[in-house]
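Each remark here refers to the structure printed beneath this line.
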Amino acid sequence: MSKVSVDIEYIKSKLNDIGYEISDCVERENNGVNWQLKFSNSGAIVTIYDSNRTKNTVVNGKADKDEKDSLKFIVDSLKAKELQIDPLNVEIVAMIRSRKEDYYYDFKQIPHGNNEDLLHDILCLSNNIENRDAYLVLGVTDDYNVVGVDTNWKSNNIFDFLRTQQFAGDHLPEIEVKDLFYKYMRIVVIKCKSSKYVPFYLTKRYHGINENQIYTRLGDTNTPKNRSANYSDIEKLWRFHFEREKE
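In my numbering, each number is its position in the sequence shown, counted from 1, plus 646.
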């Protein structure tokens with residue numbers, strides 16, 4: 647068996663990307679080389695062994711079982727180069743740490759209990775007034791604590807639901823669903839992509855989402871369902887539409 651080459655700097659970098667703050671990394675000799683990692687924002691202590699075995703990371707310290715098990719899986723997978731950390735993960739971690747919401751990102755503790763609220767959030771974020779990529783981050787509470795999303799939750803029904811709605815010009819909001827990490831926890835991000843087809847709106851009412859009504863997001867607040875965005879913001883969205891129509 648060829649020896650596994652442990653790229654400790656790569657592992658440290660990726661742990662940082664998902665939100666772990668490494669406070670100490672000690673290289674030791676004890677029946678072979680190993681590295682011990684400690685963190686300023688977790689009580690976990692991770693020992694990574696320079697050996698042919700890729701699944702032998704040990705996680706001890708003052709962390710609960712869920713964190714120990716998940717962190718072991720993450721580090722073992724990084725060691726074996728079997729886990730890719732999405733580049734977006736860094737940006738989402740920074741958003742969570744900012745402890746605020748903004749016009750292009752919103753936090754929800756749990757996936758939506760009804761499609762009406764989900765559709766409203768997607769419309770508001772997709773129609774943000776800077777026409778930039780926007781993010782609906784699931785697994786974060788209103789006071790910015792990360793609780794994660796259950797691993798059994800699936801995203802397929804979001805796309806199926808959007809396809810059942812009647813959008814103006816038959817243009818659906820362009821979304822992408824990503825599984826990311828905050829430390830050891832799974833979070834889900836619905837990325838609402840910048841689009842030349844703004845503003846997105848319905849031509850047939852769906853529950854409390856009115857037809858022919860344009861919603862957007864100002865600061866950390868969505869346009870209420872029973873109101874329309876103000877005239878100047880609607881005008882700005884149409885300006886994006888016509889400036890980009892030849893793309």
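Ideal Cβ positions, reconstructed from N, Cα and C, are used throughout, including at glycine.
All of these numbers come straight from a predicted model, not from anything done at the bench.
With a contact defined as Cβ atoms closer than 8 Å, residue 788 and residue 755 qualify at about 7 Å. At the C-beta level, residue 749 and residue 883 stay beyond 8 Å of one another. Excluding five sequence positions before and after residue 761, the CB atoms of its chain that fall closer than 6 Å to its own CB belong to 807, given in chain order. Residue 675 and residue 827 have their C-alpha atoms some 31 Å from each other.
For residue 726, there is no enclosing beta strand (DSSP E), as DSSP marks it with neither H nor E. Of 845, 878, 779 and 657, the smallest CA-CA separation from residue 837 is found for 779.
Annotated three-state conformation of residue 669 is strand, per DSSP. Residue pairing by DSSP places residue 691 opposite 684 and 706 in a beta bridge.
By DSSP's assignment, residue 863 forms a beta bridge with 868. With distances taken between CA atoms, residue 870 lies nearest to 854 out of 841, 854, 721 and 655. Residue 674 carries a strand assignment under DSSP once its states are collapsed to helix, strand and coil.
Between the beta-carbon of residue 829 and that of residue 688 there is about 7 Å, and that keeps the pair under the 8 Å contact cut. Within the DSSP secondary-structure output, residue 822 pairs in a beta bridge with 837. With distances taken between CA atoms, residue 777 lies nearest to 819 out of 797, 725 and 819. Under the 8 Å Cβ criterion, the stretch 654-664 counts as touching the stretch 681-699, having at least three qualifying pairs. According to the DSSP assignment, residue 754 belongs to the beta strand (DSSP E) that extends over 751-754. Burial of residue 845 is indicated by the presence of at least 16 other C-beta atoms within 10 angstroms of its C-beta. Shortest Cα-Cα distance from residue 722 to any of 666, 823 and 693 involves 693. Less than 8 Å separates the beta-carbon of residue 835 from that of residue 738. In this structure, DSSP gives residue 780 an extended state, which the three-state scheme calls strand.
Taking a contact as a CB-CB distance under 8 Å, the pair residue 725 and residue 652 counts as one, their CB atoms being some 6 Å apart.
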